[in-house]
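Working notes, beginning with the structure itself.
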Amino acid sequence: WLKHLGTLDFAGGTVVHILSGVSGLVASLILGKRSDYDPHSTTAHNLPFTILGTRLLWVGWSGFNGGSANGADGLAALALINTNAAAATGLVTWVVLDAIRGHVSISGACVGPIIGLVAVTPACGFVQPGWALLIAFIPTVIIYFLLLNKHHMHFDDALDVAIVHGCGGITGAFLTGLFAEKSVNPINGADGAFYGRPIQLWYQIAGILTAI
């Protein structure tokens, strides 16, 4: 239905990440907080497993996004390039923000790539690599500061699914409508607002609201 409407979502950023983020938020509100919940604690229980899990996600995501091209062609290669570029951008952005605050952490460095991957999922087959970097950078900065202040939020989200996947998915879907370029994907793509077609932003907003 969203495809016929005109919403662009190359690899499921809307139906996977926005839905999971909103579902995680609703579940957190219904279930309530853990008995030992500490809103100020950000310490991971097992850093080696956190690093391993991040790496597995990064590698697996390449197949997830690249495979959405449904063929071993230039579009699949572009999706792979955009996916890895976005993950790297998320990592570097997070580490730089941590360094500015004087507190670089491994667990934080593992969050950045995930944000980049989430955000680029709807866009990876519709945008040029340069835009993929920006699509990863913007939500990483936003989510970084949201997570810094999550102790003010009245819900217990152990894996930050609502913020990372929900906000990352929403931002990525919206920015897809801004930076998409039909020449990148002539069959299924469309020009975004930056390329003279502002109505695409409204199609993206419709998709976001439908998922929510």
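Each residue of the sequence shown is one higher than the last, beginning at 1326 in this note's numbering. Just so you know, even glycine gets a beta-carbon here, dropped at the ideal spot from N, CA and C.
Whole-angstrom C-beta distance between residue j and residue i, which should lie under 8 Å
i       : j       : result
Ile1431 : Ile1376 : 7 Å
Ile1468 : Ile1488 : 6 Å
Cys1449 : Phe1335 : 5 Å
Leu1458 : Ala1401 : 19 Å between Cβ atoms; not a contact.
Pro1447 : Ile1406 : Not a contact, Cβ separation roughly 16 Å.
Residue j beta carbon less than 8 Å from that of residue i
i       : j       : result
Phe1519 : Leu1503 : yes
Ile1439 : Leu1382 : yes
Ser1531 : Arg1522 : The question names Ser, yet the displayed sequence has Ala at residue 1531. Cβ distance not < 8 Å, so Ala1531 and Arg1522 don't count as in contact.
Val1445 : Gly1497 : yes
Asp1423 : Gly1415 : no
Val1486 : Gly1385 : no
Ala1536 : Leu1333 : no
Tyr1528 : Gly1338 : no
Trp1419 : Gly1399 : no
Residues of its chain near residue i, where Cβ-Cβ distance is below 7 Å and the 5 sequence neighbours each way are ignored
i       : result
Ile1495 : Ile1343, Ile1533
Leu1472 : Asp1485, Ile1488
Ser1345 : Val1486, His1490
Ile1463 : Thr1496, Leu1500
Residue i to residue j span [Cα, whole Å]
i       : j       : result
Ser1353 : Ser1508 : 42 Å
Phe1451 : Asn1390 : 12 Å
Val1341 : Gly1427 : 34 Å
Val1429 : Tyr1362 : 24 Å
Thr1408 : Leu1442 : 6 Å
His1490 : Leu1327 : 20 Å
Cys1477 : Phe1470 : Note that residue 1477 is His in the sequence shown here, rather than Cys. Distance between the alpha carbons of His1477 and Phe1470 is about 12 Å.
Val1372 : Ile1512 : First, the amino acid is wrong: residue 1372 is Leu here, not Val. Near 43 Å, if we compare the C-alpha coordinates of Ile1512 and Leu1372.
Gly1393 : Asn1510 : A quick correction: the sequence has Ser, not Gly, at residue 1393. Approximately 13 Å, taken between the alpha carbons.
Asp1482 : Thr1501 : 27 Å
Ala1397 : Leu1403 : 11 Å
Lys1475 : Trp1456 : 29 Å
Ser1387 : Thr1465 : 19 Å
Cys1435 : Thr1379 : 6 Å
Leu1526 : Gly1357 : 35 Å
Ile1425 : Phe1374 : 26 Å
Val1421 : Ala1413 : 12 Å
Leu1517 : Asn1395 : For clarity, residue 1517 is Gly in the given sequence; the question names Leu instead. Answer to the nearest angstrom: the Cα atoms are 23 Å apart.
Ile1524 : His1370 : 46 Å
Residue i, DSSP secondary structure in three states
i       : result
Asn1513 : coil
Gln1539 : Because the chain here runs from 1326 to 1537, residue 1539 falls outside it and cannot be looked at.
Asn1371 : coil
Arg1522 : coil
Pro1447 : coil
His1490 : helix
Lys1507 : coil
Thr1535 : helix
Asp1334 : coil
Leu1377 : helix
His1569 : Outside the shown range of the chain (1326 to 1537) lies residue 1569, about which nothing can therefore be said.
Own chain residues within Cβ distance below 8 Å of residue i, not counting five before or after
i       : result
Val1347 : Ala1487, Gly1491, Ala1536, Ile1537
Close-in-space but distant-in-sequence residues of the same chain around residue i (CB under 6 Å, 5 per side omitted)
i       : result
Phe1499 : Gln1529
Arg1359 : Asp1481
His1329 : none
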